[in-house]
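**Q** In the numbering used here, the protein residues as written are 290 to 904.
Got a structure for you, written out below as structure tokens; questions coming shortly.
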Amino acid sequence: MTQTDRDAENGRDREKEQRGVKRPIVPAAVPEPVQEQIQANFIVVIHPGSRTLRLGRATDTLPISVPHVIARRHRQPGQPRHQDPSLLRDGLNAADSSEQRQNGMKMIDQVIWSRKMSNGVRRTPVSAEQARLYNRQIRPAVLEPNSKVSWTNTTHQPQYLVGEEALYVNPTDCYSIHWPVCRGHLNIHSGQGGSLTATLVDLETIWSHAIQKLLEIPLKDLKYYRCILLIPDIYNRQHVKEIVNMLLVKMGFSAVIVHQESVCATFGSGLSSACVVDVGDQKTSVCCVEDGVSHRSSRLCLAYGGADVTRCFFWLMQRAGFPYRECQLSNKLDSVLLHQLKESFCHLDQDISGLQDHEFRTRFPDSPVLLYQLRLGDEKLQAPMALFYPAAFGIVGQKMTSLLHRSQGDAEDPHDEHFLLTTQSKQDQSSKASADRRSFPKPAGFEGESDPSEKGNLAQDVDLGHSQAEGLISGAEAEETSSALLFRKTAVTQFEGKALGMDKAILHSIDCCASDETKRKMYSCILVVGGGLLFHGAQEFLQHRILNKMPPSFRCLVENVDVITRPKDMDPRVTPWKGGAVLACLDTTQELWIHQREWQRFGVRMLRERAAFVW
């Protein structure tokens, strides 16, 4: 055979080989390259707050902010009007509320007078009586006979109104006002519209309205969009499950990612590790985040926030003879005005001393524009300091501190951690327990965080923390550790009954971290987000409190306590949302999507498998 014949035969073999090669079939779960290029434009990031809903496309610079409220028309004439409170809450009218509030104010006054100003001079004592004598003489001046502000037009009798339109519904109209989120959870209550079903319907209506009217996305096109949902660090599993079902099944998003606010806050601020303090309108959450992982044992939620400061400021202004005497906490427009006065006047600057004169305007529908003069002293400092002395809020008989408890299980997810724990062989449990005893001589339930390097066979092994570690014991040890577990349960119950100040909550959260190195990182970087601590001087004030109260053993290890209140000069209220938008661009995000078909087939099991945190 000649060289030419051999070349021709080799060419035919290569041709046959090429014809025989089949194209690989791309699995359905793997997105196509075309989808990858346009995906960020088709991702909606939703951050639902108790007072404000923030949402937008992942490519938007800033989210759209909408009051998270809906007004629903009465179905029957004569139906009683319901209005969810925005500033009032349970626990304020107890027999000893007033006494507790006064005791809290005494502690605040002692702190104010004990600390000198930056020039070394003591503050000028100012009594509320001095301001009251002036404010009682004030009468409003009429600036304009007509405010040019109108009640929402309801002549066409819409079934619902959302956001600003809901706030400006005339109280005489046949509408009930609902805030579907309260203190980070769905606002479930025994009153009208307080069932889980009704609250979810309100939530779906508000979100659908905002997506359609403000983002200009037709609801029928949501099948082409994906959604990133931000949830609190301490979440109600049933509520999250229902919201995910609403997004995928009822609203029709093609896929969803669920992630925690604290982790997204670090993404949005460009930090790898931080102790995240999220001061919202109705809650304050504290959590330590390290390399994109929220330490489970460090999470705690305080049941107070900016709205409580607003209410406290109103009480203090009333004591000082507040000249707008018709103001009521139950009036939704007065609540908006009080929020504005708090943001304008309150501060945490120890150098601002003595009486100062201020003015404000009231502009309400069907009323003239009125100008009020107002003289205030330490009231502007006392109100925000109540965040550090929450007894001043006067809340009695309410659960003020929450921890993340172990999952009670879900009938739709039989192969959860409970199944894995109960089906482990006794030999495996015994060997693991003996190994744990050799490594950690502490009682079960008091170990620190699990080592991130152990991530592997079981998703549940990641970031188990205290509560899940309790289940990893053998039958022989159950009797031995029952007293320790009972002690811990009692301690947790007592702890949750206390109203911790914000600085003490931060110290507690950091102290719950497993290693000294992690604690050092957290003391070095405290990230404050949310709108509840937007006061002049807040950064220096919180830094001073932490430095004075941190354990002496860490003062030599921590070079500097860096308190960040405006990351990247950004509005701290949008930082978690911005982190959700950053999450949409990460390569690892592809592993976290829960697709609509998967949810319909497997349900809540997909949250356990796909969530970036231990479900």
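Just so it is clear, CB atoms sit at the ideal spot from N, CA and C, and this is done for glycine as well.
1) Is it right to say Ala-347 is buried, meaning 16 or more other beta carbons lie within 10 angstroms of its own, or is it exposed?
2) Please find out if some non-hydrogen atom of the ligand HEM comes closer than 6 Å to the beta-carbon of Gly-819.
3) Once DSSP output is grouped into helix, strand and coil, what is the label at Asp-491?
4) Can you find at least 3 beta carbon pairs, one from the segment 664 to 680 and one from the segment 606 to 623, that sit closer than 8 Å?
5) Flag this pair as yes or no: are the beta carbons of Ile-523 and Arg-588 separated by less than 7 Å?
6) Using the C-alpha atoms, what's the distance from His-584 back to Ser-842?
7) Just confirm the distance between the C-beta atoms of Ser-558 and Asp-580, as a whole number of angstroms; I'd bet it's less than 8 Å.
8) Pick from Phe-891, Trp-888, Gly-786, Ala-873: whose alpha carbon is nearest that of Ala-329?
9) Using only CA atoms, which one of Val-451, Arg-362, Leu-503, Pro-460 lies nearest to Trp-468?
10) Could you compute how far the alpha carbon of His-707 sits from the alpha carbon of Ala-681?
11) My guess is that Ser-339 and Lys-572 are in contact by the Cβ rule of under 8 Å, so how many angstroms apart are they, rounded?
12) Cα separation between Pro-657 and Gln-446?
13) So Gly-819 and Asp-567 are in contact, right, with Cβ under 8 Å, and what is the actual spacing, rounded?
14) Work out the CA separation of Lys-512 and Leu-789 for me, nearest whole Å.
15) Between Val-470, Lys-437, Thr-807, which has its C-alpha nearest Pro-356's C-alpha?
16) Return the first residue and the last residue of the beta strand (DSSP E) that Ile-853 is part of.
17) Per DSSP, Thr-690 is paired with what?
18) Within 10 angstroms of its Cβ, does Ser-798 collect 16 or more other Cβ (buried), or is it exposed?
19) If you draw a straight line from the alpha carbon of Val-852 to that of Ser-407, how long is it in whole angstroms?
20) Where DSSP assigns a beta bridge to Ser-386, which residues make up the other side?
21) Return yes when the Cβ of Cys-553 is within less than 7 Å of the Cβ of Gly-869, no when it is not.
22) Return the CA-CA distance between Ser-436 and Cys-802, expressed in angstroms with no decimal places.
23) Could you name the residues of the same chain whose beta carbon sits closer than 8 Å to that of Lys-905, not counting the 5 residues immediately before and after it, in chain order?
24) State whether the segment 380 to 397 contacts the segment 482 to 492, with contact taken as three or more CB pairs (one from each stretch) at a distance under 8 Å.
25) Looking only at its own chain, which residues have a Cβ that is under 7 Å from the Cβ of His-528, when we skip the five neighbours before and after it?
26) For Leu-753, which of helix, strand or coil comes out of DSSP?
27) Can you name, in chain order, every residue of its own chain whose Cβ lies under 6 Å from the Cβ of Lys-530, other than the five neighbours on each side?
28) Let me check one thing: in DSSP terms, what residues is Ser-562 bridge-paired to?
29) Please list, in chain order, all residues of the same chain as Tyr-464 whose beta carbon is under 6 Å from its beta carbon, the five residues on each side excluded.
30) May I ask which residues mark the beginning and end of the alpha helix (DSSP H) holding Thr-864?
31) Could you check the C-alpha separation between Cys-635 and Asp-398 for me, to the nearest Å?
32) Any idea if Asn-424 is buried or exposed, counting beta-carbon neighbours within 10 angstroms, 16 or more meaning buried?
**A** In this structure, then:
1) Here residue 347 is taken as the residue at index 58 of the sequence shown, counted from 1. Around the CB of Ala-347, 16 or more other CB atoms lie within 10 Å, so the residue is classed as buried.
2) Judged by which ligands are present, the structure shown has none, so any question about the ligand HEM falls away.
3) As a first step, residue 491 must be located in the sequence shown, where it is residue number 202. Looking at Asp-491 - three-state DSSP - the assignment turns out to be helix.
4) Counting C-beta pairs closer than 8 Å gives three or more between the segment 664 to 680 and the segment 606 to 623, which meets the contact rule.
5) Stepping through the sequence shown from its first residue, residue 523 is reached at position 234. Stepping through the sequence shown from its first residue, residue 588 is reached at position 299. Inclusion of Ile-523 and Arg-588 in the CB contact set at 7 Å is warranted, their separation being smaller than that value.
6) Here the question's residue 842 lines up with position 553 in the sequence shown. Here the question's residue 584 lines up with position 295 in the sequence shown. Their Cα atoms are separated by approximately 22 Å.
7) In the sequence shown, counting from the first residue as 1, residue 558 sits at position 269. In the sequence shown, counting from the first residue as 1, residue 580 sits at position 291. Between Asp-580 and Ser-558 the Cβ distance is about 14 Å, and since that is not below 8 Å, they are no contact.
8) Here the question's residue 329 lines up with position 40 in the sequence shown. Among Phe-891, Trp-888, Gly-786, Ala-873, the Cα nearest to that of Ala-329 is on Ala-873.
9) Counting from 1 along the sequence shown, the entry for residue 468 is found at position 179. Closest by alpha carbon: Val-451.
10) In the sequence shown, residue 707 corresponds to position 418, counting from 1. In the sequence shown, residue 681 corresponds to position 392, counting from 1. Spanning the two alpha carbons is a distance of roughly 42 Å.
11) Along the sequence shown, one-based indexing puts residue 339 at 50. Along the sequence shown, one-based indexing puts residue 572 at 283. Between Lys-572 and Ser-339 the Cβ distance is about 7 Å, and since that is below 8 Å, they are a contact.
12) Taking the first residue of the sequence shown as position 1, residue 657 is located at position 368. Taking the first residue of the sequence shown as position 1, residue 446 is located at position 157. Between the alpha carbons of Pro-657 and Gln-446 lies a gap of roughly 27 Å.
13) Counted from its first residue, the sequence shown places residue 819 at position 530. Counted from its first residue, the sequence shown places residue 567 at position 278. Confirmed, Cβ separation roughly 5 Å.
14) As a first step, residue 789 must be located in the sequence shown, where it is residue number 500. As a first step, residue 512 must be located in the sequence shown, where it is residue number 223. Going by the C-alpha atoms only, they are around 45 Å apart.
15) Here residue 356 is taken as the residue at index 67 of the sequence shown, counted from 1. The option with the nearest alpha carbon to Pro-356 is Val-470.
16) Taking the first residue of the sequence shown as position 1, residue 853 is located at position 564. Its beta strand (DSSP E) spans residues 851 to 853.
17) As a working note, residue 690 is residue 401 in the sequence shown. Note: Thr-690 sits in a beta bridge opposite Leu-591.
18) The residue you call residue 798 lines up with position 509 of the sequence shown. The residue is buried, with at least 16 neighbouring Cβ atoms inside 10 Å.
19) The count along the sequence shown starts at 1 and reaches residue 852 at position 563. The count along the sequence shown starts at 1 and reaches residue 407 at position 118. C-alpha separation (whole angstroms): 19 Å.
20) In the sequence shown, residue 386 corresponds to position 97, counting from 1. For Ser-386, which the question treats as bridged, DSSP gives no partner whatsoever.
21) Here residue 869 is taken as the residue at index 580 of the sequence shown, counted from 1. Here residue 553 is taken as the residue at index 264 of the sequence shown, counted from 1. Between Gly-869 and Cys-553, the C-beta gap is smaller than 7 Å, which places the two residues in contact.
22) What you label residue 436 is simply residue 147 of the sequence shown in a count that begins at 1. What you label residue 802 is simply residue 513 of the sequence shown in a count that begins at 1. Each residue's alpha carbon lies about 54 Å from the other.
23) This structure cannot settle anything about residue 905, because the visible part of the chain is limited to 290 through 904.
24) Short answer: they don't touch.
25) Here the question's residue 528 lines up with position 239 in the sequence shown. So the list reads His-474, Leu-475, once near-sequence residues are dropped.
26) Here the question's residue 753 lines up with position 464 in the sequence shown. Model confidence at Leu-753 stands at a pLDDT of 33, short of 50, so the residue's coordinates are unreliable; what they give is reported in the following sentence. In the structure shown, the three-state DSSP call for Leu-753 is coil.
27) Here residue 530 refers to the residue found at position 241 of the sequence shown. Once the five neighbours on either side are set aside, the close Cβ partners of Lys-530 are Val-893.
28) Residue numbering aside, residue 562 sits at position 273 when the sequence shown is read from its first letter. Bridge partners of Ser-562: Glu-579.
29) Within the sequence shown, numbered from 1, the residue matching residue 464 stands at position 175. So the qualifying residues of the chain are Ala-360, Arg-362, Val-458.
30) Numbered from its first residue, the sequence shown carries residue 864 at position 575. Per DSSP, Thr-864 belongs to the alpha helix (DSSP H) from 864 to 872.
31) As a first step, residue 635 is located in the sequence shown; it is residue number 346 there, counting from the start. As a first step, residue 398 is located in the sequence shown; it is residue number 109 there, counting from the start. Roughly 16 Å between the two C-alpha positions.
32) Within the sequence shown, residue 424 is the residue found at index 135, counting from 1. Buried is the call here.
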